[in-house]
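Colleague:
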Amino acid sequence: MSEASSTSGKHWSDAEVDCLLDRLAECRRSGKYGDGGNFTGPAWTASAAYLGSKGHARSSKQCKHKYGGLKATHKNIYIYINNTSGTHWDNKIGANIVGDAADRAWRSHITTKAGSAMKPFRNAGWRHWDKMEAANPGQVAGGGHVFTPLVADHPLDDNNYDDDDDDDGAIVTPAEPTSTPAEPIVTTAEPATTFTTPDHMEVDTGAAASSRTTSGVATGSTTLLSTAPPMSTRPNKRSSTTEISTAPTKKSASSSSRVSSRAESTSYTSASGGRASVRVMVQSMDSTVHSIMDVLKDGMISDRSKAVAMIQAEFKAAAKDDPNKLEAGDLLLMVDVFTNHLNLAESYLVLDDSIRRLWVDGILHHIHQKILEGMTARQAVHSLGPGQE
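Residue numbers 24 to 412, in this note's numbering, belong to the letters of the sequence shown in order.
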């Protein structure tokens, strides 16, 4: 993206960014930063003053916001370098994607939230790389910044931070300011791959619920009750407790599996002789549903996690020069397959070692063929059949 000259608009020119990073690099060398290596208020005030002396009107808040966008791009490049096997980075030619294998790994990576920000750098470098290395040295990708095979949000651009007009520092105005159209700035967070247990299940305590609780799980590991909760690959802030609620009121029960008071309140309207029988029936229903939920939840979690753990173990155990070793991109595609298709995770677990790899190759061939036809990696995985979440 071309960056025109600007002195007060939201869009930053290359010259302004260079001035900002030069000043921050000087602050870094002189130790003018706070805990965790983060720059503090004095650094932003000094940066705004330095930009003003060079003919650019920027507030301390604008400087801070702009650096946040640059730092996010810097980190996303390191995520690509550190967490994707066999990657290459050159500040002149970027990721330098050449060949089918590199293209497959690249396509898989850019479907992630962090990876989407790498799209401009497929075969082109980043102009601000060297100055960011000086202003933000020792950058590593770790912790929550792991590769996640999920559908990406809109890519993050280091110019897409929205500078607030309510600046927290004075703008140093040059003698002859000019302005150009502004460009907003946005930050995104990179989620880690997380497998969580189902945290909510609604059970109708009426006639329909009665028919569900009396029906068992059919023979065969892939047959599930219609009330089985979805598996999620995204973190959930709520605790992973089993909740039961009545269909009319939708009020959640506690982790002790209490049934909504509506069922019990009905019993109090009848004669005293009927209260006990209704209460016993409700308690029996509660116990049955809770047991079924535990069985389903444990089965689904164990099969998915076992399949993921097994294929990762095989990947790590294979020698680097083993021609049959899965590529990192294909490994991540299979993790996505197991996440979205419980039946395929179960099949993988029961297959004999002699045919398991042939089966995996068939799955991957289908996915790659769909990608070549124009699907995203996510769509290609879903084309294997209806998801069983």
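Where is the CB? At the ideal position from N, CA and C, for every residue including glycine.
With 16 other CB atoms within 10 Å as the buried threshold, where does L381 fall?
Modeller: Answer is exposed; the Cβ neighbour count stays below 16.
Colleague: Whose C-beta lies closer than 7 Å to the C-beta of D58 among residues of the same chain, with five residues either side of it excluded?
Modeller: Taken in chain order, the list of residues that qualify is empty.
Colleague: Give me the Cβ distance between T362 and R401, rounded to the nearest whole Å; I'm assuming they're in contact under 8 Å.
Modeller: That pair is no contact at about 11 Å.
Colleague: What residue does the alpha helix (DSSP H) around A351 start on, and which one ends it?
Modeller: Per DSSP, A351 belongs to the alpha helix (DSSP H) from A351 to N363.
Colleague: Going by beta carbon distance, what residues of the same chain come within less than 7 Å of Y73, once the five residues before and after it are set aside?
Modeller: Excluding positions up to five away in sequence, the list reads C42 and R46.
Colleague: So A71 and C86 are supposed to be a Cβ contact under 8 Å. How far apart are they, rounded?
Modeller: That pair is a contact at about 5 Å.
Colleague: Using DSSP bridges, identify the partner residues of G117.
Modeller: Bridge partners of G117: D113.
Colleague: Considering only C-alpha positions, which residue in the set N119, G91, G92 and Y90 is nearest to I104?
Modeller: The option with the nearest alpha carbon to I104 is N119.
Colleague: Identify the continuous alpha helix (DSSP H) that holds K393 and give its terminal residues.
Modeller: Note, K393: alpha helix (DSSP H), D376 to L395.
Colleague: Roughly how many whole angstroms lie between the Cα atoms of L372 and H34?
Modeller: Cα to Cα, L372 sits roughly 53 Å from H34.
Colleague: Would you identify the three-state DSSP class for S53, choosing helix, strand or coil?
Modeller: Here S53 sits in coil by DSSP.
Colleague: Need the endpoints of the alpha helix (DSSP H) that R145 sits in, please.
Modeller: Here R145 belongs to no alpha helix (DSSP H), and DSSP marks it neither H nor E.
Colleague: Taking the alpha carbon of K136 as the point to measure from, which residue in K154, K98 and A147 has its own alpha carbon closest?
Modeller: With distances taken between Cα atoms, K136 lies closest to K98.
Colleague: According to DSSP, is P65 helix, strand or coil?
Modeller: Helix, per DSSP.
Colleague: Which of helix, strand or coil does DSSP assign to A342?
Modeller: Residue state, collapsed to three classes: coil.
Colleague: To the nearest angstrom, how far is the alpha carbon of D37 from that of L407?
Modeller: Roughly 46 Å separates the two Cα atoms.
Colleague: Identify whether W35 lies in helix, strand or coil by the three-state DSSP scheme.
Modeller: Looking at W35 - three-state DSSP - the assignment turns out to be coil, as it is neither helix nor strand.
Colleague: Tell me whether the beta-carbon of A66 lies closer than 8 Å to the beta-carbon of K77.
Modeller: Against a cut-off of 8 Å, the Cβ pair of K77 and A66 comes out as no contact.
Colleague: What would DSSP say about R81, mapped onto helix, strand or coil?
Modeller: The answer is coil: DSSP assigns R81 none of H, G, I, E or B.
Colleague: With a cut-off of 8 Å on the beta carbons, I'd call G148 and I116 a contact; round off their distance for me.
Modeller: About 6 Å separates the two Cβ atoms, so the contact holds.
Colleague: Look at the alpha carbon of M155 and the alpha carbon of L93, and state the distance between them as a whole number of angstroms.
Modeller: Cα to Cα, M155 sits roughly 8 Å from L93.
Colleague: In this structure, how does DSSP classify T311 when only helix, strand and coil are distinguished?
Modeller: In the structure shown, T311 sits in a helix (DSSP, three-state: H, G or I).
Colleague: In terms of alpha-carbon separation, which member of N114, I394 and G397 lies closest to I100?
Modeller: It is N114.
Colleague: Would you report the Cα separation of W112 and M308, rounded to the nearest angstrom?
Modeller: Spanning the two alpha carbons is a distance of roughly 60 Å.
Colleague: Check each candidate in A140, G138 and N146 and name the one with the smallest Cα separation from V121.
Modeller: When each option's Cα is compared against that of V121, the closest is N146.
Colleague: Can you check which of these residues, A95, T68, G91 and H405, is closest to S82 by C-alpha distance?
Modeller: Selected option, being the one with the closest Cα: T68.
Colleague: Cβ of L387 within 8 Å of Cβ of D359?
Modeller: No.
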